[in-house]
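*Asks:* My questions all concern the structure below.
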Amino acid sequence: MLKQGNFLFSSPFLLCVFLWFFLIHIVVSHIPLGSKLSVEENNLWVSSNGDFAVGFVNHSEQPSQCSVGIRFNSKSIPFPKQTVVWVAGADVTVGNKSFFQLSQNGELVLVDSLREVTVWTSNTSQLAVASALLRNDGNLVLLNRKKDVVWQSFDNPSDTLLPGQNLPVHKTLRAASRNSVSSYYSLHMNASGQLQLKWESDVIYWSRGNPSSLNLGVVLTSGGVLQLVDHNLNPVWSVFGEDHNDSVNFRLLKLDIDGNLRIYSWVEATGSWRSVWQAVENQCNVFATCGGHGICVFNTSGSPECRCPFKTTSSSNLKCFALNCDSNHSMDTYEHTFLYGIYPPNESITITSLQQCRELCMQDPACTAATFTNDGTAQCRMTTSPYFSGHQNPSLSSISFVKTCSDPIAVNPHNSGSSPSLSPVKRSHGLCLSCQIGGAASGTLLLFVVVQLGIGYFIYRRRNHILRKAALAYTGRNSKGVMMLPFTEIKDITGNFKHQIGPGMYRGALSNQQPVAVKDLDETIEERKFRAAVSKIGSIHHKNLVKLNGYCCELGHRYLVYEYVKNGSLDKCIEDDELNQRLTWRRRVDICLTVAKAICYLHAGCREFISHGNLKCSNVVLDKNYEAKVSEYGLEMVRPEESYGGEKDVADFGKMVLILITGRPEVKDLWEWTYEEWIQGHPERVIDKRLDDGVDLKELERVLRIAFWCLQSDEQMRPSMSEVVKVLEGSLTVDPPRPPFSQRLSEEESLESGSKPQSPMEP
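Taking the working numbering, the leading residue of the sequence shown gets 729, the next gets one more, and so forth.
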């Protein structure tokens, strides 16, 4: 259920159990080089006025995972309400043996001791840092010997702005997400002077400011006024909190987990944080406010909540989506409802009538739902995504249609006790029950005898066939919903392994004609490890990861059954000149971003860290719209001798990006050659020559920079995948990388000292 204004403590950063409740405070005016905070020691760096502190946070959703951040520490704020205002690395988490240190070379480093890796750093080793200071306004700063600020947390916000903190153009506040599958909400100031709330990278659902003003920043004043200011700090746009200019000790601006931007004030009389302003007045108007869990409506108490009118279970944890009909389907009508697709958030708009809108969606196999605006514009907005969000309100004139199945199904999705307001509009068909009873009773006995004999004969003849097909039935699934198939069924599915589509990979089809891809694995994999890995992989669901549908684990046989993705692997599309033409620049950048999101989810979105271990172009497949999905993830769990950390995935991602941009397979010296061309100021020379015009050179610069950072031979210098995602989204800037090849990435790629990299295009 959604509750307006109650999200200050509901994000993973804020709904947490702090490890510092009974801690020894280290209150010093300056933090010298070598100072360290650790989870085990439970120590803090505290501002001189005691209002703020830096330390570790233990998340309630992941008890064994911690972040390090800045939180309120004032004695006037009770411990449970001492909210976090900044987190190092945003969503970076570490184990319970980790530490945060101002190193002797002047860098703030967050080290995961269990994995023995540095997961975040301030990258300030070249800035002559002499000390650090947590200021009384909550700003953690690094100072040189002249006491000049060379780095500050105020320049690297997470989801919160404190009074006096400036959010300049191209900087971003990013809300925490309920999980990594959920799309990210962000706040940023664009170059045209507009403050915007966005979902993902392209859906703007709130915008304010003066489009004609340039180089603006966002500031929250101590008096509770949110302002857009020019380079002279003169306000050009303002909005006032309900208590502006009142005597309030603590305020903050926060992009909440529900995608709404709010100003909060600390009210000492009630001992609570109070929302005194929010950007989107009607929470249901926040794009995808219900995520994939339904439609936003207001209940009788006036609070927004998410309901799903077309799902087959009342569980609030499951996705709300349109049913995948095998053959017959019909259209259900929902009045006063506006629907839109998410994952992806695109739709086609046609000017037509209400009835024609319904028929257009009915006749289009790809259409899953349509909304007729019914407001005089005569717009019919059709979506092909099975995942919906939207809102319903009696004041809305729009009418929506959802395609539902007429095929026999085990559970009627509309008999789940949903709210009458969200039930589809259906005609009533009367039935005179008493008129039917007399006629029915007269033939009951004879019919009963005939049916019993028929059932017995049918069971006798079909018994073996039913047993053979049982593996494909629901009862043949494990607790994660993954089918357990005998080897005989694997042979049937693949046509006795007739259609090979890759190394150890075969195309097949289930009994319902659903296409699948079957992966043949090493038969010597231990059964216990294999079943444990399948259970874990089967529980992973992400739009950019290929879904595991089933498996076979019999003596001498180990197979995985994946969903089949139409356009095959990325490497084949790169190598084939005809298919390569469909890989436009825009698609290539989108592929980089979607793959990054998938690997980021494996690293940080699952209950525990999962390494892909073998990321390459052949393990990235493209669907009918050429959107990327990552396959064969998690298999390192069954091969402990090949277990890798996330650093290898990051390097493999960098290699994949360069192969995709250059259109060249993984050949000797490709990485060095691309870096050499880039450092000499000729990045356009590395672009695939088969690409038509349309390459965005600024975007190319960003993509190449992050790829080179991923390929750093020093693993500690490589970014996290969450940072990679933000760079590719354009919400995080990336510095020019140093030469990444001072050491070779692998034994097989070693070069003699002093050899000059050559172009892979040369013979």
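By construction, the Cβ of each residue, glycine as well, lies at the ideal position given by its N, Cα and C atoms.
Rounded to whole angstroms, what is the Cα-Cα separation between residue 1414 and residue 1230?
*Replies:* Locating residue 1414 in the sequence shown gives position 686, counting from the first residue. Locating residue 1230 in the sequence shown gives position 502, counting from the first residue. Between residue 1414 and residue 1230, the C-alpha separation is close to 28 Å.
*Asks:* List the whole-angstrom C-beta distance separating residue 1272 from residue 1291, where the pair is believed to meet the contact cut-off of C-beta under 8 Å.
*Replies:* Within the sequence shown, the letter at position 544 stands for residue 1272. Within the sequence shown, the letter at position 563 stands for residue 1291. With 8 Å as the limit, residue 1272 and residue 1291 do not qualify as a contact, their Cβ atoms being about 13 Å apart.
*Asks:* For my contact list, residue 1431 and residue 1320 are in at a C-beta cut-off of 8 Å; report their separation, rounded to the angstrom.
*Replies:* The residue given as residue 1431 occupies position 703 in the sequence shown. The residue given as residue 1320 occupies position 592 in the sequence shown. Yes, residue 1431 and residue 1320 are in contact; Cβ-Cβ is about 6 Å, under 8 Å.
*Asks:* So, residue 1359 versus residue 1274, is the Cβ gap smaller than 7 Å?
*Replies:* Here residue 1359 refers to the residue found at position 631 of the sequence shown. Here residue 1274 refers to the residue found at position 546 of the sequence shown. It is a contact, given that the beta carbons lie within the stated cut-off.
*Asks:* Please classify residue 961: is it buried, with 16 or more other beta-carbons within 10 angstroms of its beta-carbon, or exposed?
*Replies:* Numbered from its first residue, the sequence shown carries residue 961 at position 233. Its Cβ having fewer than 16 others within 10 Å, residue 961 is exposed.
*Asks:* Can you name the start and end residues of the beta strand (DSSP E) that residue 1277 belongs to?
*Replies:* Taking the first residue of the sequence shown as position 1, residue 1277 is located at position 549. Taken as a continuous stretch (DSSP letters only), the beta strand (DSSP E) holding residue 1277 covers 1276-1282.
*Asks:* Can you tell me whether residue 1226 is buried or exposed, with buried defined as 16 or more other CB within 10 angstroms of its CB?
*Replies:* Residue numbering aside, residue 1226 sits at position 498 when the sequence shown is read from its first letter. When all chains shown are included, residue 1226 counts as exposed.
*Asks:* Excluding the 5 residues preceding and the 5 following residue 1242 in the sequence, name in chain order all residues of the same chain whose CB lies nearer than 6 Å to its CB.
*Replies:* Here residue 1242 refers to the residue found at position 514 of the sequence shown. Counting only Cβ-Cβ distances below 6 Å, and skipping sequence neighbours, we find nothing.
*Asks:* With a threshold of 16 other CB atoms inside 10 Å of the CB of residue 842, please say whether the residue is buried or exposed.
*Replies:* Counted from its first residue, the sequence shown places residue 842 at position 114. With fewer than 16 other Cβ atoms within 10 Å, it is exposed.
*Asks:* Which residues in the same chain have their Cβ closer than 6 Å to the Cβ of residue 823, if we skip the five residues on either side of it in sequence?
*Replies:* Start at 1 with the first residue of the sequence shown, and residue 823 comes out as number 95. Answer for residue 823: 840 and 842, listed in chain order.
*Asks:* Decide if residue 1436 is buried, meaning its Cβ has at least 16 other Cβ atoms within 10 Å, or exposed.
*Replies:* Counted from its first residue, the sequence shown places residue 1436 at position 708. So residue 1436 ends up on the buried side.
*Asks:* Where do the N-terminal and C-terminal ends of the beta strand (DSSP E) with residue 795 fall, by residue?
*Replies:* Along the sequence shown, read from residue 1 onward, the residue named residue 795 stands at position 67. Unbroken beta strand (DSSP E) run through residue 795: 794-800.
*Asks:* So, under 8 Å CB-CB, residue 1109 and residue 1063 are touching, yes? Tell me the CB distance rounded to an integer number of Å.
*Replies:* On the sequence shown, position 381 is the one that residue 1109 refers to. On the sequence shown, position 335 is the one that residue 1063 refers to. About 16 Å separates the two Cβ atoms, so there is no contact after all.
*Asks:* Quick one: measure Cβ to Cβ for residue 868 and residue 782, integer angstroms, because I've assumed they're closer than 8 Å.
*Replies:* Counting from 1 along the sequence shown, the entry for residue 868 is found at position 140. Counting from 1 along the sequence shown, the entry for residue 782 is found at position 54. That pair is a contact at about 6 Å.
*Asks:* Comparing C-alpha positions only, which one of 762, 893 and 896 sits nearest to residue 859?
*Replies:* Residue numbering aside, residue 859 sits at position 131 when the sequence shown is read from its first letter. Closest by alpha carbon: 762.
*Asks:* Among the candidates 1012, 1325 and 1362, whose CA atom is the shortest distance from the CA of residue 1260?
*Replies:* The residue you call residue 1260 lines up with position 532 of the sequence shown. The option with the nearest alpha carbon to residue 1260 is 1362.
*Asks:* Tell me residue 1238's beta-bridge partners as DSSP assigns them.
*Replies:* The residue given as residue 1238 occupies position 510 in the sequence shown. In DSSP, residue 1238 forms no bridge with anything.
*Asks:* Name, in chain order, the residues that DSSP records as bridge partners for residue 1033.
*Replies:* To locate residue 1033, count along the sequence shown from 1; it is residue 305. Note: residue 1033 sits in a beta bridge opposite 1025.
*Asks:* The alpha helix (DSSP H) that contains residue 1450, what's its start and end?
*Replies:* Residue 1450 sits at position 722 when you count from the first residue of the sequence shown. Where residue 1450 is concerned, the enclosing alpha helix (DSSP H) stretches over 1449-1457.
*Asks:* Buried or exposed for residue 803, going by 16 or more other Cβ atoms inside 10 Å?
*Replies:* By one-based count along the sequence shown, residue 803 stands at place 75. By the neighbour-count rule (16 or more Cβ atoms within 10 Å), residue 803 is not buried but exposed.
*Asks:* Beta-carbon separation of residue 689 and residue 1289 under 7 Å?
*Replies:* Absent from the structure is residue 689, since the part of the chain shown begins at 729 and ends at 1491.
*Asks:* Around the C-beta of residue 982, are 16 or more other C-beta atoms found within 10 angstroms, so that it is buried, or is it exposed?
*Replies:* Position 254 of the sequence shown holds residue 982. Residue 982 comes out buried.
*Asks:* If I measure Cβ to Cβ from residue 1018 and keep anything under 6 Å in the same chain, skipping five residues before and after, which residues do I get?
*Replies:* Position 290 of the sequence shown, counting from 1, holds the residue named residue 1018. Excluding sequence neighbours, residue 1018 sits near 1024, 1034 and 1117.
*Asks:* Going by alpha carbons, who is nearest to residue 1316 out of 1339, 1387, 1267 and 1251?
*Replies:* If you number the sequence shown from 1, residue 1316 lands on position 588. When each option's Cα is compared against that of residue 1316, the closest is 1387.
*Asks:* Just how far apart, CA to CA, sit residue 937 and residue 1350?
*Replies:* Translated into positions along the sequence shown, residue 937 becomes position 209. Translated into positions along the sequence shown, residue 1350 becomes position 622. Cα to Cα, the separation comes out at about 40 Å.
*Asks:* Assuming residue 1398 is part of the alpha helix (DSSP H), what are its boundary residues?
*Replies:* Numbered from 1 along the sequence shown, position 670 holds the residue referred to as residue 1398. Counting along the chain, the alpha helix (DSSP H) containing residue 1398 begins and ends at 1398-1407.
*Asks:* Between residue 1457 and the rest of its own chain, which residues show a CB-CB distance below 6 Å, the 5 nearest in sequence each way excluded?
*Replies:* For the purposes of this step, residue 1457 is taken as the residue at position 729 of the sequence shown. So the list reads 929, once near-sequence residues are dropped.
*Asks:* Measure the alpha-carbon distance for residue 1282 versus residue 1107 and round it to whole angstroms.
*Replies:* By one-based count along the sequence shown, residue 1282 stands at place 554. By one-based count along the sequence shown, residue 1107 stands at place 379. For residue 1282 and residue 1107, the distance between alpha carbons rounds to 55 Å.
*Asks:* Would you decide whether residue 1420 is buried or exposed? Buried here means 16 or more other CB atoms lie within 10 Å of its CB.
*Replies:* The count along the sequence shown starts at 1 and reaches residue 1420 at position 692. By the 10 Å Cβ count, residue 1420 comes out exposed.
*Asks:* Verify whether the separation of the beta carbon atoms of residue 954 and residue 967 is less than 7 Å.
*Replies:* For the purposes of this step, residue 954 is taken as residue 226 along the sequence shown, with counting starting at 1. For the purposes of this step, residue 967 is taken as residue 239 along the sequence shown, with counting starting at 1. In this structure, residue 967 lies closer than 7 Å to residue 954 by Cβ.
*Asks:* Beta-carbon separation of residue 1265 and residue 1286 under 7 Å?
*Replies:* Taking the first residue of the sequence shown as 1, we reach residue 1265 at position 537. Taking the first residue of the sequence shown as 1, we reach residue 1286 at position 558. No, Cβ-Cβ distance for residue 1265 and residue 1286 is not below 7 Å.
*Asks:* Compare the beta carbon distance of residue 765 and residue 828 with 7 Å and say whether it is the shorter of the two.
*Replies:* Taking the first residue of the sequence shown as position 1, residue 765 is located at position 37. Taking the first residue of the sequence shown as position 1, residue 828 is located at position 100. A contact, by the Cβ cut-off of 7 Å.
*Asks:* Quick check: what's the CA-CA separation for residue 835 versus residue 853?
*Replies:* For the purposes of this step, residue 835 is taken as residue 107 along the sequence shown, with counting starting at 1. For the purposes of this step, residue 853 is taken as residue 125 along the sequence shown, with counting starting at 1. Using only the alpha carbons, I get a separation of about 5 Å.
*Asks:* Over what stretch of residues does the beta strand (DSSP E) that includes residue 840 continue unbroken?
*Replies:* On the sequence shown, residue 840 is found 112 positions in, with the first residue counted as 1. Segment 836-840, the beta strand (DSSP E) holding residue 840.
*Asks:* Please classify residue 1425 as buried or exposed, where buried requires at least 16 other C-beta atoms within 10 Å of its C-beta.
*Replies:* In the sequence shown, counting from the first residue as 1, residue 1425 sits at position 697. By the 10 Å Cβ count, residue 1425 comes out exposed.
*Asks:* Along the chain, where does the alpha helix (DSSP H) containing residue 1291 start, and where does it finish?
*Replies:* Along the sequence shown, read from residue 1 onward, the residue named residue 1291 stands at position 563. Note, residue 1291: premise wrong, no alpha helix (DSSP H); beta strand (DSSP E) at 1285-1291.
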